[in-house]
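Notes follow the structure.
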Amino acid sequence: MMTFAVRDSATMLRRNLRHLQRYPSLALFPILMPVVFLLLFVYVFGGTLGNGLAGGGGRHAYANFITPGVLIFTVAGAVQITAISVAKDMTEGIIARFKTMRIWRPSVLAGHVLGSLILVFVSLLVVSGLALLIGFRSPASPLQWLAATGLLALLALALIWLAVAFGLVAKSVETASNLPIFLILLPFLGSGFVPVDSMPAGLRWFASHQPFTPVTDTLRRLLQDQPTGTAAPTAIAWCLAITGLAYLWARHLYNRQPKH
Amino acid sequence: MNLRDDGPAITVTGLRKSFGEHAVLDGITFAVEPGTVFALLGPNGSGKTTTVSILSTLLAPDAGDVLIAGRDVVREPDAIRATIGLTGQFSAVDDLLTGRENLALMADLQHLPRGGARRRVDELLERFELSDAAARTAATYSGGMRRRLDLAMTLVGTPTVLFLDEPTTGLDPRSRRTMWDSITALVAKGVTVLLTTQNLEEADRLADQVAILDAGRLVAQGTPEELKRRVPGGHIDLEFADAAAHAAAASVLHVSARQDDTLALQVPTDAHAATLRRVLSELDDAHIDVANLSLHTPDLDDVFLALTGQPATNEAAMARERTS
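Chains as they are written, first to last, in the numbering used here: chain A, -19 to 240; chain B, -12 to 311.
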């Protein structure tokens, strides 16, 4: 069956891309939300928040500070679409059809993962473009940009597999769309939008230890041409661990027998 | 394709499946000859869909053997999947894709070569009268069109064994007839069909063999004719205007039942026109007027009622579900 792995996954990817094309509002949502947040935070809060950063610097400094946070937020928002698409597939009869065909079984999920990766990177491109337009500047070398892209891809894979599992475990599309909401909140409860040391003690502890903070810190330091320190290995470890566990969970859910 | 020359297309032996404490299939056994239609008849909750799910490799059996074209569903699911096609009870079309794209998706997943895939898709669109709607998304299709697309998608891979789970439930009479014609045409080409239905007319019309499933057990199996022979035969109901005519007719005819209070008689019949003509001419010769006449022939409904003690209606089945 492995001989069909690439071919069937490509077929399923085409199917998912066609879905996005037919239902463009679904593809627009993950782009629109970070765009609004970027504009809101830079132009409305940016002047004040920027002055509160170590070294001050106002709106311009804040644009540089928040852009990595918004990129991470973009990834977290986009995977909501993954959960919805997977759940929608599972509630429909077509999944039984796929399971009775001689295809590479995981191709259904592979199609969702690949489709979501494309959606995430299109969203990231749009958001980065806007960030550059409104004053984000990076002294990073091409190698550092490459590392930043790789890190975002790792994070995307982790969150996409988590969202696939959410989509599989949800009994309905509505539940599936609610489950990943905490993923959108987590970048706020970390170093995404303000420095962690500005938070009250309890929250600061949580913010310093949750997975989004090392990922955000690593991305920010890469883009600002600073040494990444211990944040980088911590970030990579978190991403790989979440990917592995979410993948196993999703596989288990996908292969379980229907209950009736 | 992979059909072995000898032996049945489907062999099911002692099949059991439970969900928790509830035994959905309690040891069922049957065989389906190649190129025939086998109908599983039963109310909701009798185990029809579970049987189809196991036969189509969606569900693993607890016990028993299932062979399709001589291969075991548990040990060789991929070989089975290359042979079978399933059109389930719930629509298995992709709403966001057009009719053509749905069929092309199946062609890709069946790993057909590109040129062959196009021809196959065009041919199926035409055969199922979907050519005009080919560029519209399936979401815009009527119930009958969705079923046709659903079946067409199942046929892209030219399966030799076809499972149809309640293929006409919810269809209007015209769409139902179209579906029946499609099934008949497939069987004429040598496809083996196992269908489930609650519709007795459907089983009577299409099936070579019928098995009646009740609460996870097969309570009867045979041709529709054989099953109908197992219940009291057909008869003519006669009613008369007055007691004199009633009494006179009773003395002339070979009567199987007589009701004096309603002035009614029952005459057994084999539903041939000649029998009816003979009865009428006997009455005519004796100058007896008939006030009312009706013909009753046994159908699978009678068989079902006689064997399961309940009518094959949804309501009855639902009432039973609630108590079980």
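C-beta atoms are modelled at their ideal positions from N, C-alpha and C, and glycine is treated no differently.
**Study point:** Alpha carbon of Gln256 of chain A to alpha carbon of Ala47 of chain B, nearest angstrom
**Key:** Nothing can be reported for residue 256 of chain A, as the shown portion of chain A is limited to -19 through 240.
Worksheet item: Should Glu88 of chain B go down as buried or exposed, given a rule of 16 or more other Cβ atoms within 10 Å for buried?
Response: Within the second sequence, residue 88 of chain B is the residue found at index 101, counting from 1. By the 10 Å Cβ count, Glu88 of chain B comes out buried.
- Query: Leaving out five residues before and five after Val88 of chain A in sequence, what residues of the same chain have Cβ atoms less than 8 Å from its Cβ?
  - Reply: The residue given as residue 88 of chain A occupies position 108 in the first sequence. Met(-8), Asp69, Ile75, Phe78, Tyr234, listed in sequence order.
task = Any chance you could list the alpha helix (DSSP H) runs of at least 4 consecutive residues sitting entirely within the region 232 to 303 of chain B, in chain order?
result = 260 to 272, 287 to 295
According to DSSP, which residues form a beta bridge with Val174 of chain A? Taking the first sequence and counting its residues from 1, one reaches residue 174 of chain A at position 194. According to DSSP, Val174 of chain A bridges with nothing at all.
Quiz item: On the premise that Arg201 of chain A lies in contact with Thr208 of chain A, defined as a C-beta separation below 8 Å, what is that separation, rounded to the nearest angstrom?
Solution: Your numbering for residue 208 of chain A matches position 228 in the first sequence. Your numbering for residue 201 of chain A matches position 221 in the first sequence. The pair is a contact, with the Cβ atoms about 5 Å apart (cut-off 8 Å).
Quick one: what's got a C-beta closer than 7 Å to Thr44 of chain B's C-beta in the same chain, skipping five residues either side?
On the second sequence, residue 44 of chain B is found 57 positions in, with the first residue counted as 1. Around Thr44 of chain B: Val60, Pro64, Ile67, Arg68.
Worksheet entry | Neighbourhood of Leu0 of chain A by C-beta distance below 6 Å, restricted to the same chain and skipping five residues each side | Start at 1 with the first residue of the first sequence, and residue 0 of chain A comes out as number 20. The answer, listed in chain order, is Ala7.
Review point. Thr155 of chain B: which of B:Val148, B:Gly177, B:Leu193 sits nearest, CA to CA?
Key: Your numbering for residue 155 of chain B matches position 168 in the second sequence. Nearest option by C-alpha distance: B:Leu193.
Identify, in the order they occur along the chain, each residue of the same chain with its Cβ nearer than 6 Å to the Cβ of Ala198 of chain B, setting aside the five sequence neighbours on each side. Taking the first residue of the second sequence as position 1, residue 198 of chain B is located at position 211. Cβ within range, chain order: Phe17, Leu27, Leu205, Gln208.
Looking at the strands, I want to know which residues DSSP matches up with Leu12 of chain A. Along the first sequence, read from residue 1 onward, the residue named residue 12 of chain A stands at position 32. Paired residues: none, contrary to the question.
Check your understanding: Expressed to the nearest angstrom, what Euclidean distance is found between the alpha-carbon atoms of Gln76 of chain B and Asn31 of chain B?
Key -> If you number the second sequence from 1, residue 76 of chain B lands on position 89. If you number the second sequence from 1, residue 31 of chain B lands on position 44. Approximately 12 Å, taken between the alpha carbons.
Does the pairing of the region 89 to 106 of chain A with the region 129 to 139 of chain A give three or more beta-carbon distances under 8 Å? yes
Any C-beta of chain D sitting closer than 8 Å to the C-beta of Ile275 of chain B? Given the protein chain composition of this structure (A and B), no chain D is represented.
Starting from the Cα of His9 of chain B, find the closest Cα among B:Arg161, B:Asp168, B:Asp81, B:Ala202 and give me that residue. Residue numbering aside, residue 9 of chain B sits at position 22 when the second sequence is read from its first letter. Per the Cα distances, B:Ala202.
| field | chain B contact residues for Tyr3 of chain A, given Cβ-Cβ distances below 7 Å | value | Residue 3 of chain A sits at position 23 when you count from the first residue of the first sequence. Within chain B, the residues near Tyr3 of chain A are Leu83.
| message | Using a 10 Å radius around the Cβ and a threshold of 16 neighbouring Cβ atoms, would you call Asn44 of chain A buried or exposed? | response | Along the first sequence, read from residue 1 onward, the residue named residue 44 of chain A stands at position 64. Buried, because 16 or more other Cβ atoms sit within 10 Å of the Cβ of Asn44 of chain A.
Could you tell me whether any Cβ in chain B is nearer than 8 Å to the Cβ of His92 of chain A?
Taking the first sequence and counting its residues from 1, the one referred to as residue 92 of chain A is at position 112. Judged by the 8 Å Cβ criterion, His92 of chain A is not in contact with chain B.
Which residues, in chain order, does the region 34 to 66 of chain A contribute to contact with chain B at a C-beta distance below 7 Å?
none
query = If you check the beta carbons only, do Leu90 of chain B and Ala139 of chain B fall under 8 Å apart?
reply = In the second sequence, residue 90 of chain B corresponds to position 103, counting from 1. In the second sequence, residue 139 of chain B corresponds to position 152, counting from 1. Cβ atoms of Leu90 of chain B and Ala139 of chain B: closer than 8 Å.
Check: What do you get for Lys176 of chain B, buried or exposed, if any count of 16 or more other CB atoms within 10 angstroms of its CB means buried?
Finding: For the purposes of this step, residue 176 of chain B is identified with residue 189 of the second sequence, where counting begins at 1. Exposed, because fewer than 16 other Cβ atoms sit within 10 Å of the Cβ of Lys176 of chain B.
### Query
In chain order, what residues of the same chain lie with their CB nearer than 8 Å to the CB of Ser340 of chain B, ignoring the 5 residues before and after it?
With chain B covering -12 to 311 only, the question about residue 340 of chain B has no answer from this structure.
Please list, in chain order, the chain A residues whose beta carbon lies closer than 9 Å to that of Ala79 of chain B.
What you label residue 79 of chain B is simply residue 92 of the second sequence in a count that begins at 1. Those are Glu72, Gly73, Ile74, Ile75, Ala76, Arg77, Phe78, listed as they occur along chain A.
Review point. Which class does Ser5 of chain B belong to by DSSP, given the choice of helix, strand or coil?
Key: For the purposes of this step, residue 5 of chain B is taken as the residue at position 18 of the second sequence. Residue state, collapsed to three classes: strand.
- prompt: Is the CB-CB distance between Thr70 of chain B and Thr141 of chain B below 8 Å?
  reply: Locating residue 70 of chain B in the second sequence gives position 83, where the first residue counts as 1. Locating residue 141 of chain B in the second sequence gives position 154, where the first residue counts as 1. No, these two residues do not count as a Cβ contact at 8 Å.
Within 8 Å, strictly: CB atoms of Leu113 of chain A and Ile140 of chain A: The count along the first sequence starts at 1 and reaches residue 113 of chain A at position 133. The count along the first sequence starts at 1 and reaches residue 140 of chain A at position 160. No. Outside cutoff.
Report yes if the CB atom of Ala181 of chain A is closer than 8 Å to the CB atom of Pro194 of chain A, and no otherwise. Position 201 of the first sequence, counted from the first residue, corresponds to residue 181 of chain A. Position 214 of the first sequence, counted from the first residue, corresponds to residue 194 of chain A. The answer is no: Cβ separation not under 8 Å.
_Only counting the same chain, and skipping five residues up and downstream in sequence, which positions put a Cβ closer than 8 Å to that of Leu282 of chain A?_
This structure cannot settle anything about residue 282 of chain A, because the visible part of chain A is limited to -19 through 240.
key: For Val143 of chain B, the three-state DSSP class (helix, strand or coil)   = Residue mapping note: residue 143 of chain B aligns to position 156 of the second sequence, counting from 1. Three-state result, Val143 of chain B: coil.
Among the candidates B:His98, B:Met166, B:Arg265, whose CA atom is the shortest distance from the CA of Leu151 of chain B?
Along the second sequence, one-based indexing puts residue 151 of chain B at 164. Closest option to Leu151 of chain B, Cα to Cα, is B:Met166.
Open item on the list: Measuring straight from C-alpha to C-alpha, what distance separates Asn301 of chain B and Val11 of chain B?
Closed with: Taking the first residue of the second sequence as position 1, residue 301 of chain B is located at position 314. Taking the first residue of the second sequence as position 1, residue 11 of chain B is located at position 24. With a pLDDT of 49 at Asn301 of chain B, under the threshold of 50, the predicted position of this residue should be treated as unreliable, and no value is reported.
* Mind checking who Leu199 of chain B pairs with in its DSSP beta bridge? => Within the second sequence, residue 199 of chain B is the residue found at index 212, counting from 1. A small correction: the amino acid at residue 199 of chain B is Ile; Leu does not occupy that position in the sequence shown. B:Leu28, B:Ala207, per the DSSP bridge assignment.
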